[in-house]
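Read through the structure below, which is laid out as structure tokens, and then see the notes.
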Amino acid sequence: MALFSGKSARNSAVFLGNMAGEERAQNNKIIEDYLGNSLSDLGSGIDKALPYYQGAIDRYQPWATQGLAGYNLYGDSLGVNGAEGNARAVGAFQASPGYQWQVDQATDAVARKQSALGMLGSGNTQTAIQDRANQLANQEYSGWQNNLQNLGQMGLQATGQQANLDRGMGDLYAGLGQQQAGLRMGAANTIVGNNTNFMNNLSQLGQKAGQAGQDALANNLNFGVNAAGTAIKALGLFSGTGAK
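In terms of my numbering, the sequence shown opens at residue -2 and continues consecutively.
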């Protein structure tokens, strides 16, 4: 009669352990594939969005460029850049197409009035005509400065829109980093949990295999004791028979 053995229990534990290991490897691969695909999708989404942001920035660029030029020239006209800047402003100034007509009409009106008073050839008439022309010139220059200021404001608004778009791209990258970190952390936690379960299962299988071995040893001992007792009894019976 064969002795009891824990080998089959140990073999079963090894088989189950191998199955658990394969399942762990498959689960980890699924998680890693999911992580890789998710990161790729996030990166692809960013890549598709960025050209639209850049396109919008580029469309604002002409307005920003002209606005900056107007802003700089406006500063020159105010004298904030010194005599050199003021000279640039005066050199860039161009009167409007109707300016000369307005001057002619205004000075003619002064001349007619002075003529009606019999003072057309007097020095006062010449002074009055010059004053009126200067007033119109100052008005024309002030109007030009206002236009420069408005142009600068337009450029500032365009630049602000560009800054918002730049910030939007920055937010995209920041969000991408946060989502990537979250995905990696989630995948890592899942893998760690998966590996922890695997180790726990191995530990339990090891304990069961050890218990099976102990049980087999106890069974073998019991079997040996029982067999010995049976032999002793048989020997006793045999001895008693011989004595008779």
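Positions of the beta carbon are idealized from the N, C-alpha and C atoms, including for glycine. All figures in this text were calculated on a predicted structure; none of them were measured in a lab.
inquiry  = Applying the 10 Å Cβ sphere with the 16-neighbour rule, what's the burial state of Tyr49?
reply    = Answer is exposed; the Cβ neighbour count stays below 16.
task = Report yes or no: do three or more beta-carbon pairs, one from the stretch 141 to 157 and one from the stretch 54 to 68, lie closer than 8 Å?
result = The stretch 141 to 157 makes contact with the stretch 54 to 68; the number of CB pairs closer than 8 Å reaches 3 or more.
Where Ala106 falls, given that 16 or more other Cβ within 10 Å makes a residue buried = exposed
Identity of the residue in Thr187, Asn69, Gln177, Gln159 nearest Gly52 by Cα = Gln159
query = My guess is that Ala92 and Asp73 are in contact by the Cβ rule of under 8 Å, so how many angstroms apart are they, rounded?
reply = 17 Å between Cβ atoms; not a contact.
inquiry  = Measuring only the C-alpha atoms, how far is Tyr31 from Ala46?
reply    = 23 Å
message = Would you call the stretch 75 to 85 in contact with the stretch 168 to 186, where contact means no fewer than 3 C-beta pairs closer than 8 Å?
response = no
task = Could you round the C-beta distance between Trp60 and Gly152 to whole angstroms and report it? I think they count as a contact, below 8 Å.
result = 6 Å
ask   = Which whole-angstrom value is the C-beta distance of Ile28 and Ala184, which I expect to be below 8 Å?
value = 5 Å
task = Please say whether Tyr57 and Ala155 have beta carbons closer to each other than 8 Å?
result = yes
ask   = With C-beta atoms as the reference, is Ala130 less than 8 Å away from Val100?
value = yes
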